[in-house]
Each structure stands twice: as C-alpha cells, then as structure tokens.
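For the sequence shown, the residue numbers in the numbering used here are 85 to 342.
All remarks here apply to the structure that follows.
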Amino acid sequence: MRSGRSDGWPDVRSAPGESGDRDMLGVVRRLRDGLAKTRDGLARRIHQAVGRYDRIDEDLLEEIEGILLQTDVGVETTLRIIDGLRDRAVDRRTRNPDDLMSLLREEMTDILGDAPAPVSEQRPRVIMIVGVNGSGKTTTAGKMAARYAGEGKKVLIAAADTFRAAAIDQLEVWARRAEADFIRHQHGSDPSAVVYDAMQAAAARDADVVIIDTAGRLHTRDNLMEELKKIKRTAGKQMDGAPPEFINVNAGPPGHGP
85 MRSGRSDGWP DVRSAPGESG DRDMLGVVRR LRDGLAKTRD GLARRIHQAV GRYDRIDEDL
145 LEEIEGILLQ TDVGVETTLR IIDGLRDRAV DRRTRNPDDL MSLLREEMTD ILGDAPAPVS
205 EQRPRVIMIV GVNGSGKTTT AGKMAARYAG EGKKVLIAAA DTFRAAAIDQ LEVWARRAEA
265 DFIRHQHGSD PSAVVYDAMQ AAAARDADVV IIDTAGRLHT RDNLMEELKK IKRTAGKQMD
325 GAPPEFINVN AGPPGHGP
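Below, the structure is given as structure tokens:
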C-alpha cells in the first residue's frame, strides 16, 4: 500500500471525507463501531506493537495498519489514520515510537470531530432504533431521550416494539425519567399504528424529537423486515415523505445481521 515520496516517506493519500459529508460520516461510523467493539484490545495491541520498535518507520505503521484492519475499523478509515500518523510524524520531525500513541489519539479525535452533525431541517427529528434481539435498543432509546431532554428539546417516545410487553413498560419508565411524552398501544398491536399516533401527537404537541423503539429482528426474516419498512413509510408520510433517521444497535451474536 505504499507509494514513493522524495523525502523517503510514502505519499499521503487524500482523505476519504473530501468527497462529501456522506463519505465522512461513513469513515466516522466505521471508526466508532470498531472502537466500541474492541477498545481495550486495540489499545493493548498497539502498545505492544510500539514497544517492539525503536523508531517510527514504515514497518511500525504497517503493523498498526494491520491491527486496525483486524479490528473492523474499515479500509478507508484505516488508510486515513495511517496517512495522518505519517503526516504528523513528519511535521513534528519525530521518529520516537513513544510519541505514536499521542499522535494516534490526535488523529482519531480529529476524524471523530470532522463528522458533520446530523442536521435535520424537518421538525420533528424522527429517529428509529433498530437492531437484533437483546442488543439494547430500548435502553438506547431511553438514554437518547434523556440526552435530548437535557438539551432542552421536547421529546416524544413511541413504543413500537409491541411484541414484547416488557419493552413497553421499560420504555415508559425511561420516558418518565426524561419527562418525555410517551405513546403506547396494547401488547400485540400494529407497530405502524403506534407510529402513526406518535407522529400525530408530535405535530400537535410541537415535539422537537420523536424516538421510535422497534422490536428486534433479523435481516433473514422477511416478514419482520417488511414490518420495519411499513413503520418507516408511516413515519415518512407524516413528514412529507422525508425518511426518518436510523440508529442500528447491533450488539448481537456474530452472524446476526442489522
């Protein structure tokens, strides 16, 4: 993955994010996902790699590149990190491997900070929480509601996981804690009907954010995926066709799809 440069260091590739906000969000998402899965192991492996070298050189950078790729950070993001490390080392005229961890932290912080904040001109902002069973969707919905409420936003939560009665009760507790409006139907109801009522209530109450908690589902279950599409369509119709945002909480066992 090297190319030549006159000073002996390989050329720096252009940042993937330069092609637009969508690319940058993809880079950041892969970095965040990779770090969330393997944070402790990643730091330990990089520390071990650094300890085997007496200078920052291409062999060390290639070993770090391999570690990042193995932790599912993604090719694009990995290349950006390695190029950033290379640039920072050259700019600061350092070859001391003890400096590498601080350079790496700076590069990752810059990447995470470069992502444009999700901007929704549509009010309310509608967020659907999706993922496999047992991945923490309901807790995520509750914590997001508390965060937005803490920022002074008017929040409404829709309990569209009507398959699991406990999820509705759990979410209602979160709504009370966040002082958020809460829309629920009976256990076993059509989740799209819950979303329809939630969107109507959000418009009437001038909500800033609508958070929709959905039932766990696998991508291999066609009927459940069709149900999710219906929920999305229902929300979109109430937003003049604008699609809701998706948060994929995917901490399920290996092999489970989003």
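Backbone N, C-alpha and C define an ideal beta-carbon position, used for all residues, glycine too.
| request: Name the two residues that bound the continuous alpha helix (DSSP H) containing E147. | output: Note, E147: alpha helix (DSSP H), E142 to Q154.
| task | Spell out the partners DSSP gives E329 in its beta bridges. | result | According to DSSP, which records beta bridges pairwise, E329 is partnered with I211.
| request: For T318, name the three-state secondary structure that DSSP assigns. | output: In the structure shown, T318 sits in a helix (DSSP, three-state: H, G or I).
| query | Using CA coordinates, which residue listed in I331, T222 and A277 is at the minimum distance from E256? | reply | For E256, the nearest C-alpha among the options comes from T222.
| CA-to-CA distance, L308 to Q254, given in whole angstroms | Taking the straight line from one Cα to the other gives about 22 Å.
| request: Count the other C-beta atoms from every protein chain shown that fall within 10 angstroms of the C-beta of G215, then say buried if there are 16 or more, exposed otherwise. | output: Looking at its Cβ environment, which holds 16 or more other Cβ atoms inside 10 Å, G215 is buried.
| said: For R268, tell me which candidate among R189, D281, G234 and L169 has the shortest Cα-Cα distance. | reply: With distances taken between Cα atoms, R268 lies closest to D281.
| Given 8 Å, three or more beta-carbon pairs between the stretch 309–320 and the stretch 229–241 | The stretch 309–320 is not in contact with the stretch 229–241.
| Extent of the continuous beta strand (DSSP E) run through D265 | Taken as a continuous stretch (DSSP letters only), the beta strand (DSSP E) holding D265 covers D265 to I267.
| said: Given this structure, state the Cα-to-Cα distance separating T178 from E310, to the nearest angstrom. | reply: Straight-line Cα distance between these residues: approximately 55 Å.
| Can you give the beta carbon distance from A242 to V293, rounded, assuming they're within the 8 Å contact cut? | A242 to V293, Cβ: 11 Å. No contact.
| Where L144 and T224 are concerned, what is the direct C-alpha to C-alpha distance, given to the nearest angstrom? | Roughly 38 Å between the two C-alpha positions.
| said: Please identify the residue among A286, A230, P275 and F247 whose C-alpha is closest to the C-alpha of E263. | reply: Ranking A286, A230, P275 and F247 by Cα distance to E263 puts A230 first.
| said: Just to confirm the assignment, what range does the beta strand (DSSP E) spanning D167 have? | reply: No beta strand (DSSP E) holds D167; the alpha helix (DSSP H) holding it covers V159 to D175.
| field | Reduced DSSP category for T178 - H, G, I as helix; E, B as strand; rest coil | value | Residue state, collapsed to three classes: coil.
| field | Proximity of I166 and E142 at Cβ, strictly below 7 Å | value | The answer is no: Cβ separation not under 7 Å.
| message | Assuming A242 is part of the beta strand (DSSP E), what are its boundary residues? | response | Note, A242: beta strand (DSSP E), V239 to A244.
| Check whether E146 and A133 have beta carbons under 7 Å apart | If you check the CB distance, E146 and A133 do not come in under 7 Å.
| Count the other CB atoms within 10 Å of the CB of S186; is the residue buried (16 or more) or exposed (fewer)? | Classification of S186: exposed, given that the 10 Å Cβ count is below 16.
| query | Going by Cα to Cα distance, which pick from D265, L163 and D183 is closest to A291? | reply | A291 has its Cα closest to that of D265, out of D265, L163 and D183.
| Quick one: what's got a C-beta closer than 7 Å to R207's C-beta in the same chain, skipping five residues either side? | Closer than 7 Å at Cβ, skipping near neighbours: D292.
| query | Among M228, K227 and S276, which one has its Cα closest to the Cα of D245? | reply | If we check each option's Cα against that of D245, S276 comes out closest.
| query | Considering only C-alpha positions, which residue in the set E190, A285, V333 and G158 is nearest to A299? | reply | Looking at the Cα atoms, V333 is the closest of the given residues.
| Span of the beta strand (DSSP E), counted from its first residue to its last, around V216 | Secondary structure note for V216: it is in no beta strand (DSSP E), with a DSSP letter that is neither H nor E.
| said: Please determine whether the Cβ atom of V174 lies at a distance below 6 Å from any heavy atom of the ligand MG. | reply: With respect to the ligand MG, the structure shown offers nothing to examine, as it has no ligands at all.
| C-alpha gap between R86 and R170, whole angstroms | The pLDDT assigned to R86 is 42, lower than 50, so where the model puts this residue is not dependable; a value taken from the coordinates is nonetheless given after this. Rounded to the nearest angstrom, the two C-alpha atoms are 12 Å apart.
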